[in-house]
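Here the protein sequences come in this chain order: X and W.
For what it's worth, our numbering labels the leading residue of the first sequence as 1, then goes sequentially.
For what it's worth, our numbering labels the leading residue of the second sequence as 1001, then goes sequentially.
For every residue, glycine included, the Cβ atom is placed at its ideal position computed from N, Cα and C.
From a predicted model like this one, the values you see are computed outputs, not experimental measurements.
Worksheet for the structure shown next.
Number of protein chains: 2
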Amino acid sequence: MTATAASLVPASSTDLPPVERRAAMPGGFRAGGLAAGIKASGRPDLAVIVATGGPAAAAAVFTPNAFAAAPVRLSKAHLSASSGDARGGFGWAEAIVSTSGSANAATGAAGEADQLEIARHLAAATGVEVGRTLHLSTGVIGTRLPLDRVAAGLDAIVPTLSGDHGALERAAIALRTTDSVTKIATTSVQLPSPDGTTVAVTVSGMAKGVGMIHPRMATMLSVVLTDAAASPETLWGLLRPAAARTWNQLSVDGDTSTNDTVFVLASGASGAAPVEPGSAAAARLGRAIEAIARDLARQQAADGEGASTLITASVTGARDDADARAVARAVVSSSLVKAAAHGRDPNWGRIAGAAGNARLADAAVLDAAGLPAAEAAVRAANPAAIDATTLRISIAGYLVFDGCAGGPVDFDRAAVRAAMEASELVIALDLGLGAGSGEAFGCDLTEAYVIENSEYTT
Amino acid sequence: MTATAASLVPASSTDLPPVERRAAMPGGFRAGGLAAGIKASGRPDLAVIVATGGPAAAAAVFTPNAFAAAPVRLSKAHLSASSGDARGGFGWAEAIVSTSGSANAATGAAGEADQLEIARHLAAATGVEVGRTLHLSTGVIGTRLPLDRVAAGLDAIVPTLSGDHGALERAAIALRTTDSVTKIATTSVQLPSPDGTTVAVTVSGMAKGVGMIHPRMATMLSVVLTDAAASPETLWGLLRPAAARTWNQLSVDGDTSTNDTVFVLASGASGAAPVEPGSAAAARLGRAIEAIARDLARQQAADGEGASTLITASVTGARDDADARAVARAVVSSSLVKAAAHGRDPNWGRIAGAAGNARLADAAVLDAAGLPAAEAAVRAANPAAIDATTLRISIAGYLVFDGCAGGPVDFDRAAVRAAMEASELVIALDLGLGAGSGEAFGCDLTEAYVIENSEYTT
């Protein structure tokens, strides 16, 4: 109850392995990227990644949007068919193709046929089975992909595929839409090898971010590659909790895309022994995947459309981790908190107001009699536990609200405003109720976001 | 399946009685408003309404925000004590006080004591019991109300209370914060009188809007007065479904306030017979209340912070009304749809994407294993039914997407952009799945919203 502002920062991220933001190709993969002419700008827009040693174990999470794009549906179908997992969460994959400039969402049966044609062309060009291809696409919703350009691009890209680091970077560059920077991260952990020693495995990831970023079960486009060995289902078991703590805690603008997808592929090329569920090695690989996911999510938040500040909400003292994540997510998703961050305004009242809405986001779903519908009732009965008399809030390291001491705290407004000029703003909340912690990532709301999104298709 | 764009507009609002936007004081009330000095600007900031014939039947809906403000909690307590309704939804009330300029939220025990002191002063000045007072407040979260100024204001306002129309308008003006216009609406319906004839009853409402507008169970500050007669519980039964179809379908910025409150007071002064639950008279009074609620919600949306366009999403052909409302609400809440509206960009892909997210708003609440938590599972199992192959979308009367005909429709982009220049933008979606309909109200996202909210407390 006497924690200082500094102690409000949670420990949840400190047990993750260190991450570097450079391209490091794990063993067992080749990649490439180029400009195929999908984007009018002439920027790179086509990426291919191939597993060199045959099908790799693959796990995925996808958007729950009812208008899931054609590439999402085809990827799910291929994963399902290869593993028997009806949810399409995991399976075997040998090639990934990413197109940028057109989302191939809400394009109907024609869009489905287009994506299948891309799968066939990719399969023919790389020599893999059609059913072992995975698909990503991003761009304007409702436009068709230019199949002739994609086909010519695939023919051009396949001979350039390489296992060197530059090839991975070219693929990451081609994943971008309006991203101002290429988002890439790598880490390495020691895992047991079959001969009883250990071996270093690499986990590398790439992502595209920018706008329509408010991932749910899923996340924005992202690919994580590792040369560790694991079954598809084991890999899926590592991906889901990592995504829950990282990508599902990311919000740029509250809009969940039709194309959100994360793929994790494990080639096994490191020579490490296959990780078994529940083992120490699985935990270590899981933390490595989470470290990459967290860093990419932070890169995505920092590069949100029009953003000038990364906002990290760190919540401690929650009843449980799920409550902490809900509160953190509510804070970074608030338009008013985001606008205040842009103005360097230490408006803690908006932070408290947003925190008080955690888990209530859809409680307005009422039945015909104006009473909460079934799901709203469940939610209303289980809001995040939060109490104004135990809550403490700090902004950029300065304590601004202390519920244990009556509430508002006198603070040096000019000093806090100055601290808010940094490229990352940490908003820390100690709920004072338990040991749960969690974090969420967002960005400020700026005039540039409005301008950028007022004129996109036209 | 062959509906034209025009037929996409639902009939849900056409059976409501017509509304006029003028102050019309129902019988049995006196009101007043003045500048008490709470706001630094010197604008009117204190309103009082008193029932002249003793306690009036009262019903209320409040914010579910965990940081519900002191006036919300005191009002609930008074309603509960007067009726025995533990939820604080209805009871008896004789005086309402509204302060503007300070929300009295997150102000701890001191803020609670302040609000009780205001109740005592109001009771003494008006001669009503403390427990028959209801309270509204709006403004900056975390600041204390200046009790001396409020007390002096109450002493000054009580002698001015009047039953004329101008007095009602003065109260509505004093309810405003940064509202650019006073929000008021009135309607009249014929109800049975005890002598077997009918009598005209008046239903008038006022509201404040602007920002932090995303009501859930509740709504923003609003007071509806009627001279109809009804028991508190009957009145509550009429208010809840009306609020579900109107205020709970309103979003300016996705932030739910700590102070949202609607009060409906019925004086019975018209001489109409008390309406009985389930009667035709109750239905007629309910539609009158809904007509006022709908019109005030539309005024609030049109006057959203920085807004230049009212956005109405009209959904027909849904599986049921709840689905229709969820889809409509998802559309008007989307930052990307709001920004596109600002740019007069007929970007139907964002509308489809937002519609596809209906009811998924918090599906990201995952448990520690990365699987959906209980409430998320309920929601995920029951998303709004929507199908790209039966969906039709029109923007400002122009059909832009027809899932029955393969999806995207060729349309005259320049003509649609010109039509989007109107002060109201109607986005109509026919889901093609059933007979459910509903609507939601929002506004465009503008640079002015960002600028206004970047500098508020400082």
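Out of curiosity, what's the CA-to-CA distance linking residue i and residue j?
{"i": "X/Ala123", "j": "W/Thr1389", "result": "29 Å"}
{"i": "X/Ile351", "j": "W/Glu1169", "result": "34 Å"}
{"i": "W/Ala1011", "j": "W/Val1315", "result": "Low local confidence applies: a pLDDT of 39 at W/Ala1011 is under 50, so the model's placement there is unreliable, with the coordinate-based value given in what follows. Rounded to whole angstroms, W/Ala1011 to W/Val1315 spans 10 Å at the Cα level."}
{"i": "W/Asp1323", "j": "W/Gly1196", "result": "41 Å"}
{"i": "X/Val264", "j": "X/Ser193", "result": "21 Å"}
{"i": "W/Thr1219", "j": "W/Ala1282", "result": "For W/Thr1219, the pLDDT reaches just 44, beneath the cut-off of 50, and the residue's location in the model is therefore unreliable, although a value from the coordinates is still provided. Using only the alpha carbons, I get a separation of about 22 Å."}
{"i": "W/Gly1432", "j": "W/Leu1391", "result": "6 Å"}
{"i": "W/Ala1418", "j": "X/Ala57", "result": "52 Å"}
{"i": "W/Ala1414", "j": "W/Arg1344", "result": "10 Å"}
{"i": "X/Gly403", "j": "X/Gly139", "result": "45 Å"}
{"i": "X/Gly153", "j": "X/Ala35", "result": "8 Å"}
{"i": "W/Ser1279", "j": "W/Gln1299", "result": "30 Å"}
{"i": "W/Ala1077", "j": "X/Leu425", "result": "39 Å"}
{"i": "W/Ala1328", "j": "W/Gly1356", "result": "11 Å"}
{"i": "W/Pro1346", "j": "X/Phe411", "result": "47 Å"}
Give a yes or no on whether the minimum CB-CB distance between residue i and chain W is below 9 Å.
{"i": "X/Val450", "result": "yes"}
{"i": "X/Ala81", "result": "no"}
{"i": "X/Val140", "result": "yes"}
{"i": "X/Glu276", "result": "no"}
{"i": "X/Gly397", "result": "no"}
{"i": "X/Phe29", "result": "no"}
{"i": "X/Ser335", "result": "yes"}
{"i": "X/Asn104", "result": "no"}
{"i": "X/Thr178", "result": "no"}
{"i": "X/Leu445", "result": "yes"}
{"i": "X/Gly356", "result": "yes"}
{"i": "X/Asp303", "result": "no"}
So, at 8 Å on beta carbons, what are the nonlocal neighbours of residue i in its own chain, with the 5 sequence-adjacent residues on each side left out?
{"i": "W/Leu1285", "result": "Val1189, Leu1191, Val1201, Val1203, Thr1226, Ala1228, Ala1230, Leu1238, Val1275"}
{"i": "X/His165", "result": "Arg22, Ala23, Ala24, Met25"}
{"i": "W/Ala1095", "result": "Val1048, Ile1049, Val1050, Ala1051, Leu1122, Ala1123, Thr1126, Val1128, Arg1132, Thr1133, Leu1134"}
{"i": "X/Asp15", "result": "Arg287"}
For residue i, which residues does DSSP report across the bridge?
{"i": "X/Thr52", "result": "DSSP lists no partner for X/Thr52."}
{"i": "X/Thr177", "result": "For X/Thr177, which the question treats as bridged, DSSP gives no partner whatsoever."}
{"i": "X/Met206", "result": "X/Ile184, X/Val223"}
{"i": "W/Asp1402", "result": "W/Arg1392, W/Gly1407"}
{"i": "X/Thr99", "result": "X/Leu46, X/Ser137"}
{"i": "X/Thr312", "result": "X/Val426, X/Phe441"}
Is the shortest distance between the beta-carbon of residue i and the beta-carbons of chain X less than 9 Å?
{"i": "W/Val1332", "result": "no"}
{"i": "W/His1342", "result": "yes"}
{"i": "W/Ile1386", "result": "yes"}
{"i": "W/Ala1291", "result": "no"}
{"i": "W/Arg1350", "result": "yes"}
{"i": "W/Leu1265", "result": "no"}
{"i": "W/Ala1307", "result": "no"}
{"i": "W/Ser1394", "result": "no"}
{"i": "W/Pro1408", "result": "yes"}
{"i": "W/Asp1114", "result": "no"}
According to DSSP, is residue i part of a helix, a strand, or is it coil?
{"i": "W/Gly1091", "result": "strand"}
{"i": "X/Val416", "result": "helix"}
{"i": "X/Ala272", "result": "coil"}
{"i": "W/Arg1344", "result": "coil"}
{"i": "X/Asp85", "result": "coil"}
{"i": "X/Asp164", "result": "coil"}
{"i": "W/Pro1192", "result": "strand"}
{"i": "X/Thr197", "result": "coil"}
{"i": "W/Glu1421", "result": "coil"}
{"i": "W/Ser1075", "result": "helix"}
{"i": "X/Arg319", "result": "coil"}
{"i": "X/Arg144", "result": "coil"}
{"i": "X/Gly42", "result": "coil"}
{"i": "W/Ala1328", "result": "helix"}
{"i": "X/Leu433", "result": "coil"}
Leaving out the 5 sequence neighbours to the left and right, which residues in its chain are closer than 7 Å to residue i when beta-carbon positions are compared?
{"i": "X/Ala69", "result": "Ala103, Asn104, Ala105, Ser137, Thr258, Asn259"}
{"i": "X/Ile173", "result": "Gly33, Pro44, Thr182"}
So, for residue i: in the same chain, excluding its five sequence neighbours on each side, which residues have a beta-carbon less than 6 Å away from its beta-carbon?
{"i": "X/Ile393", "result": "Trp348, Ile351, Val400, Phe401, Leu429"}
Less than 8 Å separating the Cβ of residue i from some heavy atom of the ligand FMN?
{"i": "X/Ala283", "result": "The ligand FMN is absent from the structure shown, which contains no ligands of any kind."}
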